[in-house]
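First comes the structure, then the notes that go with it.
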Amino acid sequence: MKFATKLTLVVLLLLNFCVGLVSTILLQRNFDSMLTDSCGQYARMQISLCRSIRDSVQALPQPQDAAARVSGIRRAAESAGAYLGVQYARVYIREKDGTAVYKNLPEGFSEVDAVRALEGDPRRHLIYPVGDTHYAGFCMQMEAAGVHYQVFSVYDVSNVFVQRDIQRRSVLVMMLILLPVSAAAVWGVCTLLTRNIRRLESAAAAIAGGAYEQRSGIAGGDEIASLSRSFDDMAGTVEETIRTLQQNLHQREEFVAAFTHEIKTPMTTMIGYSDLLRSQSCDAETVHLAAGYIHAETSRLASLSHNLLMLLGLSREKAELQIMPFSLLLQRLQDSLGELPGGVRLAVEAGGECTVAVQPDLVLVLLRNLVQNAARAKPRDGRVVLCCEKRQRSSDAECAAPVLAVTVSDTGCGIPEKDLPHVTQPFYMVDKSRARSGGGSGIGLALCERIAALHGSRLSIESTVGVGTAVTVELPLTE
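Here the numbering used here runs 401 ahead of the position in the sequence shown, where the first position is 1.
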């Protein structure tokens, strides 16, 4: 059963209960008021009746005998009934000792009922249902000609009960008419109130089906709107997490495919040359050439394995920085570079002595890779420029930490704009043939990016095709 249906049934149940309870209370109060008014009127008639009987008895000639008194009381009761608007006064009169004087009760009343009423509280009136008729009974004491009498009279109050029954039927008919109308109105209101819940359910079903970009988009200030905002925030987090997982999976697949491709060529070369040496008798020159190819490819695989291990290790490594002069790092860099390809030379433009907090071996790998990549770009002026500049960290405006910006630039072929976002991905090569011929494997810039991240920085690459490339990394300065 849907929530709107449940809500409608509950509201209708409560509504009918409240309406029924209020109607019952109002009808009972109205009935009590009508009955009280009628009984008050009949109580006054009872007083008038007793006075009329008393006056009639006292007007009889004295002395009176019992038969005369009874006859006088009967005539007074009959005449009083005509005076009060009824054919006969419905009364039961007896003397105080219990001797019945006059009895004119309705059919269905017994003398026992009258005696029981007279022996009760004379200040209260009682209701007597007789068949379909209801009577109100009243008791009163009176004294006439020195004799004490007890008078019990009854009056028809059936009209009050008839009016009550008519009102009850009217309320019942009204409720039966209003029930379908109120049910339709309550159903419409409940459907409108639960509309946002259905939207939230639809969004949840869509996300469960794979539409992670789906949102409920419910506005407002109630609890459902607050739940919707929390749900949308959760959906956004789930979408971002899944996107990251998919991206990581895609990068892993690309990494495996690129790694497989990278080792396929040297493995094929080594298998071919080794098979040549194994299956044929070759002269010394051929053997030397084959051994040279095998050695070169083996060295490239060893370098690739070393770089891969370093790349994977950097993702788990914690930076342990050492304080040292940057000039010492430059000296170690120049000593380790040796001769650059194509006769390219390194030009260092240092602004002055400074001290940095770095991991020396890793920063040396970073700078060496940047310089070697710049040299492979075949700069037109035949040189690679390494420039140093003190400044504030560009990515931390609030905490203006001093850094040393190291820029390696060249005037080579440049990198196309579409390739710039991908050059730090493992095995990504803009020109694969040029990279392999120069001994590259596509891991250098990825390794540099990881080393820069360990020092709280990142590679900033600016390049224009045919103009050149400039790569900048920021290293933390210290006193």
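Think of the CB as a built atom: it goes at the ideal place given N, C-alpha and C, for glycine as much as any other residue.
Where residue i falls: helix, strand or coil (DSSP)
i    : result
S554 : strand
Q647 : helix
R837 : Any reading at R837 is ruled out, since the residue's pLDDT is 49, under 50, leaving its predicted position unreliable.
V868 : coil
G693 : helix
E790 : strand
D891 : The displayed coordinates of the chain run from 402 to 880. Any statement about residue 891 would go beyond what the structure contains.
V420 : helix
P803 : strand
L678 : helix
Y493 : strand
S861 : strand
F510 : coil
C540 : strand
L876 : strand
R851 : helix
L747 : strand
A798 : Its pLDDT being 48, under 50, A798 is placed unreliably by the model, and nothing is read from it.
M725 : strand
Y613 : coil
Y503 : strand
I844 : coil
Q488 : Low per-residue confidence applies at Q488: pLDDT is 49, beneath 50, and the placement is therefore not dependable enough to give any value.
M402 : coil
P780 : coil
Y443 : helix
H549 : strand
L741 : coil
T699 : helix
V688 : helix
L527 : strand
Outcome for residue i when other beta-carbon atoms lying within 10 angstroms are tallied against a minimum of 16
i    : result
E721 : exposed
A691 : buried
I816 : buried
G637 : exposed
C419 : exposed
D514 : buried
G869 : buried
D343 : Since the first residue shown for the chain is 402 and the last is 880, residue 343 is missing from the structure and cannot be characterised.
Q648 : exposed
C451 : buried
L860 : buried
I426 : exposed
N462 : Residue identity differs from the one stated: residue 462 is Pro in this sequence, not Asn. When all chains shown are included, P462 counts as exposed.
R644 : exposed
P581 : exposed
R851 : buried
S449 : exposed
C683 : exposed
Q488 : Its pLDDT being 49, under 50, Q488 is placed unreliably in this model, and the coordinates cannot settle the point.
P822 : exposed
D603 : Note that residue 603 is Ser in the sequence shown here, rather than Asp. Label assigned to S603: exposed.
M446 : buried
F553 : buried
C-beta atoms of residue i and residue j nearer than 8 angstroms
i    : j    : result
V587 : L413 : yes
R777 : P742 : yes
V471 : Y503 : yes
E698 : M671 : yes
A806 : E818 : no
I528 : A518 : no
L771 : V872 : yes
T879 : I724 : yes
A775 : D811 : yes
V561 : L436 : yes
L506 : R491 : yes
V785 : E750 : no
L767 : A853 : yes
L601 : S629 : yes
P726 : V804 : no
I454 : A545 : yes
C814 : G744 : no
E754 : S728 : yes
Contact belief for residue i with residue j at Cβ below 8 angstroms, rounded distance in angstroms
i    : j    : result
S858 : E875 : 4 angstroms
V558 : H535 : 5 angstroms
L734 : L765 : 6 angstroms
Q615 : A607 : 4 angstroms
A444 : F539 : 6 angstroms
E695 : S675 : Looking at the sequence itself, residue 695 is Ile, so the reference to Glu does not match. About 6 angstroms separates the two Cβ atoms, so the contact holds.
C591 : L416 : Between L416 and C591 the Cβ distance is about 12 angstroms, and since that is not below 8 angstroms, they are no contact.
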